[in-house]
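Heads up: the sequence shown begins at 23 in our numbering, then just goes up one per residue.
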Amino acid sequence: MTMPKTWPQDREVVVVKVLNHPRERVFAAWMDPQALGAWYGPTGLEIETLEAVLCEGGHWRFDMVGNFEGKQQRFPNLMRFLEILPNERIVVDYGTPEYDDPDRFYMAITFDEQADGKTVLTLRQLHPNRERRNAVISFGAVEYGLQTLDGLAEWLALNRPV
């Protein structure tokens, strides 16, 4: 899948959160492997970082681990960093650790600082097709994205600047 110059809305999932912190601090929480592993992911899942090279051209390989129906489950993930503009934007290719995973998608994370010092964080996912987008929405992508950003807000409130 090649990243298009424009993102068709019928393949897109967008999640937005206003954070009570300056964008430099919010951006730093994405670029610190220890911080990222502490707050990232939906409620009820722990992150186990297997490898983290958080720079343009780098990657983050991690497992989301949680109990479902009384059984521990592990969900392998690979996020490849395609573009990093400090304090402005991160663009990643995201999916399973399989490089040819047909369900991989792009995600652009933007950091817009407001006049009051708060940051509007926007996650824009671009899925390979409309059917895959609809499937992840049905699975809970929007709610899980909001839970992830709530985790970031909580982490920022409880931890000193990174």
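Backbone N, C-alpha and C define an ideal beta-carbon position, used for all residues, glycine too. All of these numbers come straight from a predicted model, not from anything done at the bench.
Count the other C-beta atoms from every protein chain shown that fall within 10 angstroms of the C-beta of residue i, then say buried if there are 16 or more, exposed otherwise.
i	result
Q56	exposed
A51	buried
G117	buried
F133	buried
Q31	exposed
Q147	buried
A130	buried
A179	exposed
L171	buried
R182	exposed
F161	exposed
R96	exposed
Y121	exposed
A137	exposed
F157	Looking at the sequence provided, one finds Ala at residue 157 rather than Phe. The residue is exposed, with fewer than 16 neighbouring Cβ atoms inside 10 Å.
Are the CB atoms of residue j and residue i within a distance shorter than 8 Å?
i	j	result
L100	M86	no
L145	V37	yes
E78	F103	yes
Y128	V113	yes
H149	R45	no
W82	W177	no
P98	P119	yes
Assuming the contact rule is C-beta atoms closer than 8 Å, residue i and residue j should be a hit. Round their C-beta distance to whole Å, please.
i	j	result
G167	G63	Actually they do not touch by this definition, with Cβ atoms about 10 Å apart.
V40	K140	6 Å
F84	T65	Not confirmed; about 17 Å, so no contact.
What I want to know is whether the C-beta of residue i ends up closer than 7 Å to one or more non-hydrogen atoms of the ligand MN.
i	result
A137	The ligand MN is not part of the structure shown, which contains no ligands of any sort.
(message) Runs of 4 residues minimum, wholly inside the segment 122-162: which ones carry the alpha helix (DSSP H) assignment?
(response) 152-161
(request) Inspect the CB distances between the segment 43-61 and the segment 147-166 and report whether three or more fall short of 8 Å. (result) no
(message) To test your reading of the DSSP string, which unbroken alpha helix (DSSP H) runs of 4 or more residues are found completely within the segment 74-104?
(response) none
(request) Count the CB pairs spanning the segment 87-97 and the segment 105-113 that are closer than 8 Å, and state whether there are at least three. (result) no
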